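A.B. asks:
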Amino acid sequence: GDSVTQMEGPVTLSEEAFLTINCTYTATGYPSLFWYVQYPGEGLQLLLKATKADDKGSNKGFEATYRKETTSFHLEKGSVQVSDSAVYFCALTPNQAGTALIFGKGTTLSVSS
Amino acid sequence: KAGVTQTPRYLIKTRGQQVTLSCSPISGHRSVSWYQQTPGQGLQFLFEYFSETQRNKGNFPGRFSGRQFSNSRSEMNVSTLELGDSALYLCASSLESPNYGYTFGSGTRLTVV
């Protein structure tokens, strides 16, 4: 079945460092891909999305490109801030009505000043 | 625009009891999904409703049930609670097509003692 694999965390960075969180997926057909972020004690917030191959999603300095040839959707940010500390989830949906989001296990990011 | 509202935020129940959680989606969103989040299993899909009909169901026992009302509000019910049901329960709403992404509520933290 469809699945998402994220790099294991935690990822610990200093402020202004470059961030990459790897995400690869297995899916039949043409899924939509998402990155969600979860701050302590909160629900999930949609960070960015891409719905077809070669699409680039971007938001708040974060970017990810839908790479069908490598089945990847890696999250990047050029300069992280302390406020970016959170858990990041990569997810896919098979693009059919009623289908569920399939999540990776999440990557904890900790940024220190 | 109001977000997805889940009530209550926190709940403590005794093993064997039942519980009902509520979710009010974003206005205009007719699809409501429920997810269980635990440290061990991560985010797992429970079920999805659209226009009062359950379109999809995850791999959970029959003790977990849900429903959706004509105003798109949804409830989920867990009967005969077990210690392992302790989790954060997240509700997400979306337009009919999953391409648009899902907006999550802040969740209900259920503790079973």
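Chains as they are written, first to last, in the numbering used here: chain Y, 8 to 120; chain C, 6 to 118.
No residue lacks a Cβ here, since even glycine has one placed at the ideal position from N, Cα and C.
Being a predicted model, the structure only gives us computed values, none of them experimental.
(1) Less than 8 angstroms between the beta carbons of Y:Ala57 and Y:Ala71, yes or no?
(2) By the criterion of Cβ-Cβ separation under 9 angstroms, what are the contact partners of C:Tyr94 in chain Y?
(3) Can you confirm whether Y:Lys112, when its beta carbon is compared against all beta carbons of chain C, has any partner nearer than 8 angstroms?
(4) Might you give, ordered along the chain, the residues of its own chain that have their beta carbon closer than 8 angstroms to the beta carbon of Y:Ala98, omitting 5 neighbours on each side?
(5) Okay, do the region 23–38 of chain Y and the region 10–18 of chain C touch, 3+ Cβ pairs below 8 angstroms being the bar?
(6) List, in order along the chain, the chain C residues whose C-beta lies closer than 8 angstroms to that of Y:Phe96?
(7) Taking 8 angstroms as the cut-off, does the region 77–91 of chain Y touch the region 14–26 of chain Y (at least 3 CB pairs, one atom from each stretch)?
(8) Give a yes or no on whether 8 angstroms exceeds the smallest Cβ distance from Y:Thr106 to chain C.
(9) Examine chain Y for any beta-carbon lying closer than 8 angstroms to the beta-carbon of C:Arg35, and answer yes or no.
(10) Out of C:Thr116, C:Gln73, C:Ser36, which one is the CA nearest neighbour of C:Met81?
(11) Which of helix, strand or coil does DSSP assign to Y:Val89?
(12) In three-state terms, what does DSSP make of C:Leu88?
(13) May I have the straight-line CA-CA distance separating Y:Leu53 from Y:Phe69, to the nearest angstrom?
(14) Grouping DSSP H, G and I as helix and E and B as strand, with all else coil, what is Y:Tyr46?
(15) In the DSSP assignment, what residue or residues form a beta bridge with C:Arg78?
(16) How would you call C:Leu93, buried or exposed, if buried means at least 16 neighbouring beta carbons within 10 angstroms?
(17) Scan the region 41–53 of chain Y for residues whose Cβ lies nearer than 9 angstroms to a Cβ of chain C and list them as they occur along the chain.
(18) So for Y:Tyr37, helix, strand or coil by DSSP?
(19) What residues from chain C crowd round Y:Lys56, counting only those whose CB sits closer than 7 angstroms?
(20) With DSSP as the reference, identify every bridge partner of Y:Leu116, one or two as the case may be.
C.D. replies: Quick answer:
(1) yes
(2) Within chain Y, no residue comes near C:Tyr94; the closest Cβ sits about 10 angstroms away, beyond 9 angstroms.
(3) yes
(4) Val11, Leu40, Phe41, Trp42, Tyr43, Leu108, Ile109, Phe110, Gly111
(5) no
(6) Leu48
(7) yes
(8) yes
(9) no
(10) C:Gln73
(11) helix
(12) helix
(13) 12 angstroms
(14) coil
(15) The partner list for C:Arg78 (beta bridge, DSSP) is empty, contrary to what the question assumes.
(16) buried
(17) Phe41, Tyr43, Gln45, Gly48, Glu49, Gly50, Leu51, Gln52, Leu53
(18) coil
(19) Gly106
(20) Y:Val18, Y:Ala93
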